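Position one of the sequence shown corresponds to residue 1 (the UniProt record's numbering), numbered consecutively onward.
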Amino acid sequence: MTAVRICPAAEIELTSAVRVVIDDQPIALVKDSAGEIFAIGDTCTHGDISLSEGFVEDDTLECWAHGSKFSLRTGQALTLPAYEPVPVFEVTIVDGDVYLDPTPRFDYERKEA
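Written as structure tokens, this is what we have:
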């Protein structure tokens, strides 16, 4: 699928997450502590909890309900109680705007531009 324009990159605050829904698919768009923008599935694999309401630390997103941390780069669950990964999505920045390919990737390897 073709990438979808989401918003200007400057609108996403440092160490914060924003929930977006594309084709009925909830996605957490996250700016980590280094200012890099990632997109992962917005639903914690431990429970039906929105990850975008969680806490960003370095390159992880922590579920606010039970504390599971997920890698923003790979989607892997890094701490229990979650053990299943979330999908990752390709993000590109073009002329200061965030574009997201809503096709989930399950190979858990971030492509470098």
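Just so you know, even glycine gets a beta-carbon here, dropped at the ideal spot from N, CA and C. Nothing here was measured: the structure is a model prediction, and the numbers come from that model.
Beta-carbon spacing of residue i, residue j below 7 Å
i: residue 99; j: residue 28; result: no
i: residue 8; j: residue 97; result: yes
i: residue 52; j: residue 19; result: yes
i: residue 65; j: residue 49; result: yes
i: residue 72; j: residue 21; result: no
One or two residues paired with residue i in a DSSP bridge
i: residue 7; result: 98
i: residue 65; result: Answer is none; residue 65 lacks a bridge partner.
i: residue 90; result: 101
i: residue 43; result: 50
i: residue 76; result: Partner(s): none; residue 76 has no beta bridge.
Proximity winner among the options, relative to residue i (alpha-carbon distances)
i: residue 58; options: 33, 17, 50; result: 33
i: residue 56; options: 17, 91, 75, 23; result: 17
i: residue 15; options: 21, 23, 37; result: 37
i: residue 105; options: 86, 12, 10, 69; result: 86
i: residue 103; options: 43, 90, 78; result: 90
i: residue 24; options: 13, 79, 43; result: 43
Counted within 10 angstroms of its Cβ, other Cβ atoms place residue i as buried (16 or more) or exposed
i: residue 88; result: buried
i: residue 54; result: buried
i: residue 11; result: exposed
i: residue 47; result: exposed
i: residue 61; result: buried
Proximity test, Cβ basis, 7 Å: residue i and chain C
i: residue 8; result: Judged by its chain identifiers, the structure shown contains no chain C, having just a single protein chain.
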